[in-house]
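Mapping to UniProt numbering: the sequence shown position 247 is 247, numbers consecutive. Some notes on the structure that comes next.
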Amino acid sequence: MTTTATTTPPATGASRERVIVFDTTLRDGEQCPGATMTLDEKLAVADLLDTMGVDVIEAGFPIASIGDFEAVSEIARRTKRATIAGLARAIPADIARAGEAVRQARQGRIHTFVSTSPIHLVHQMRKTEDEVIEIILKTVAQARDLVADVEWSAMDATRTSIDYLCRCVEAAIKAGATTINLPDTVGYATPGEYRDMFRQVRERVPNADKAVFSVHCHNDLGLAIANSLAGIEGGARQVECTINGIGERAGNAALEEIVMAIRTRADVMPYETGIESQMLTRASKLVSHATNFPVQFNKAIVGRNAFAHESGIHQDGMLKHAETYEIMTPASVGLSKTNLVMGKHSGRAAFRSKLDELGLTLSDNQFQDVFERFKALADRKKHVYDEDIEALVDENLATAHD
Ligand code: KIV
Ligand code: ZN
């Protein structure tokens with residue numbers, strides 16, 4: 001592995017291929033138990049996604065409820081830049097409703113899906129493979145009569161035989177699909193398998209180059225980001241994701257992780273997204289607040305500890321050069337600064353820097369005494385706050401005067 005100036009923004013340019021960011025926080029994300037949002041909350045999230053540069057916002061599932069229909073319609077009406085997608089099963093009434101909901105969008109998309117794996121065909125849909133091909137031809141054509149931008153998804157693609165998957169994709173493209181999404185619906189794939197699935201489908205299906213291929217990964221085995229990146233390597237140029245990775249079961253691939261992985265490792269991945277990464281922290285907070293879903297402390301990119309350092313060795317390194325222990329700058333994700341957390345593992349250098357930050361100047365003897373008091377306190381207390389440190393300094397001054 002080469003060493004690079006990791007925290008300097010990577011070069012962008014003609015040699016980088018653009019990956020379309022399709023955010024489904026308001027649809028797959030909202031399917032996360034308990035994450036229901038009000039209309040106002042959805043509008044606030046959609047506005048922020050649009051401002052931060054998301055290319056496609058999947059605003060909901062219009063047939064699911066009146067509330068979903070109204071949310072998709074209102075987001076379609078007011079969104080200035082992004083394409084607005086509405087989800088539809090492979091059922092004529094769903095497709096008509098989705099078409100109606102996205103009608104006022106600057107660019108509206110119908111996203112229709114049907115299962116393709118044997119386990120879904122036999123046990124859930126009770127349809128033969130040929131019957132499903134007929135359904136794809138009819139429903140995609142119906143959607144194309146309503147809008148120019150149609151996405152078709154092969155639900156449970158990763159548990160579908162490659163031969164049958166190719167037949168389905170060929171039918172969808174023939175009927176007019178402009179985006180082909182091959183989801184890892186149950187989070188089962190490994191990165192190598194997922195990459196190869198895209199490579200094979202794109203090689204074997206006639207006219208595959210007429211559609212943009214898309215990744216959509218669930219995180220059941222914690223592989224959603226690795227799989228998404230592998231699918232992009234296999235030729236996909238759209239990534240479906242959610243803010244904070246919320247979604248069914250263990251969630252979807254997290255938008256902020258995809259964006260920052262592509263940006264930070266631009267040295268090995270020749271892609272770029274249109275996302276303003278400085279808005280990631282704000283988006284994470286907004287979605288967490290709207291859904292009442294806390295962000296886990298150690299969550300990559302937006303967790304409260306993502307830019308926090310407690311160990312003395314790390315804090316010492318950070319004070320000397322930020323790239324010792326940070327591969328991206330806090331500013332690149334919208335944070336004002338790195339957080340050197342004062343705790344029992346903190347060393348003298350970090351403690352002195354904290355005193356400077358608090359405007360407290362001590363002689364060497366005073367420093368020694370206050371540092372020992374701090375270590376003793378940190379052994380007893382989980383969090384040592386700025387006020388605790390100020391109190392320790394006051395104690396030292398009081399004792400010195402006795
Ligand atoms: O995970 C999945 O397969 C989905 C489809 C509806 C695209 O969310
Ligand atoms: Zn999904």
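Every residue, glycine too, gets a C-beta built ideally from N, C-alpha and C. All of these numbers come straight from a predicted model, not from anything done at the bench.
So is the beta-carbon of asparagine 181 under 7 Å away from any non-hydrogen atom of the ligand KIV?
Checking the Cβ of asparagine 181 against the ligand KIV gives yes.
Just to confirm, are threonine 139 and isoleucine 95 a CB contact at a threshold of 8 Å?
Using a Cβ distance threshold of 8 Å, threonine 139 and isoleucine 95 count as a contacting pair.
When the Cα atoms are used, what is the spatial distance from threonine 329 to alanine 322?
If you take the alpha carbons of threonine 329 and alanine 322, they lie about 8 Å apart.
Report yes if the C-beta distance between isoleucine 20 and valine 56 is below 8 Å; otherwise report no.
Yes, they are a contact pair.
What is the C-beta distance between arginine 78 and glutamate 272, in whole angstroms, given that I count them as a contact (C-beta under 8 Å)?
In fact, because the Cβ distance is near 27 Å, the residues do not count as touching under 8 Å.
Please go through the same chain and pick out, in chain order, the residues whose beta-carbon is closer than 6 Å to the beta-carbon of isoleucine 162, but skip the five residues on each side of it.
So the qualifying residues of the chain are Gln200.
From the DSSP secondary-structure annotation, give me the bridge partner or partners of alanine 308.
DSSP, once it has assigned bridges, lists Asn339 as partnering alanine 308.
Taking the straight line between their C-alpha atoms, what separation do you get for phenylalanine 69 and valine 150?
Rounded to whole angstroms, phenylalanine 69 to valine 150 spans 18 Å at the Cα level.
Inspect the beta-carbon positions of isoleucine 225 and glutamate 193 and report whether they are closer than 8 Å.
No, the pair does not count as a contact, with Cβ atoms beyond the cut-off.
Best match in Thr291, Leu280, Gly231 and Gln296 for proximity to methionine 269 [C-alpha to C-alpha]
With distances taken between Cα atoms, methionine 269 lies closest to Gly231.
Output yes or no for whether 8 Å exceeds the beta carbon distance between asparagine 219 and alanine 189.
For asparagine 219 and alanine 189, no; Cβs fall outside 8 Å.
Proximal residues to leucine 335 (C-beta, below 7 Å), its chain only, five neighbours per side dropped
Once the five neighbours on either side are set aside, the close Cβ partners of leucine 335 are Thr281 and Phe307.
Would you mind working out which of Ser346, Val114 and Ala93 sits nearest lysine 382, comparing C-alpha positions?
In terms of Cα proximity to lysine 382, the closest of Ser346, Val114 and Ala93 is Ser346.
Return helix, strand or coil for asparagine 244, following the three-state DSSP convention.
The answer is helix: DSSP assigns asparagine 244 an H, G or I state.
Looking only at C-alpha atoms, which of Ala171, Ala177 and Ser117 sits nearest to methionine 155?
Per the Cα distances, Ser117.
If distances are taken between C-alpha atoms only, which option among Ile389, Gly67, Leu362 and Ile84 comes closest to lysine 375?
Nearest option by C-alpha distance: Ile389.
Does the beta-carbon of isoleucine 119 have 16 or more other beta-carbons within 10 angstroms, so that it is buried, or is it exposed?
So isoleucine 119 ends up on the exposed side.
Which of helix, strand or coil does DSSP assign to cysteine 217?
DSSP places cysteine 217 in the strand class (E or B) of the three-state scheme.
Specify whether the region 344 to 363 and the region 301 to 320 touch according to this definition: at least 3 beta carbon pairs, one from each stretch, less than 8 Å apart.
Touching, per the Cβ criterion.
Measuring alpha carbon to alpha carbon, tell me which residue in Leu358, Met279, Leu392 and Val147 is nearest arginine 373.
If we check each option's Cα against that of arginine 373, Leu392 comes out closest.
CA nearest to the CA of methionine 279, picked from Gly108, Met125, Leu48 and Ala88
Proximity to methionine 279 across Gly108, Met125, Leu48 and Ala88 peaks at Leu48, based on C-alpha coordinates.
Between the C-alpha atoms of alanine 250 and alanine 283, what's the straight-line distance to the nearest angstrom?
If you draw a straight line from the Cα of alanine 250 to the Cα of alanine 283, it comes to about 20 Å.
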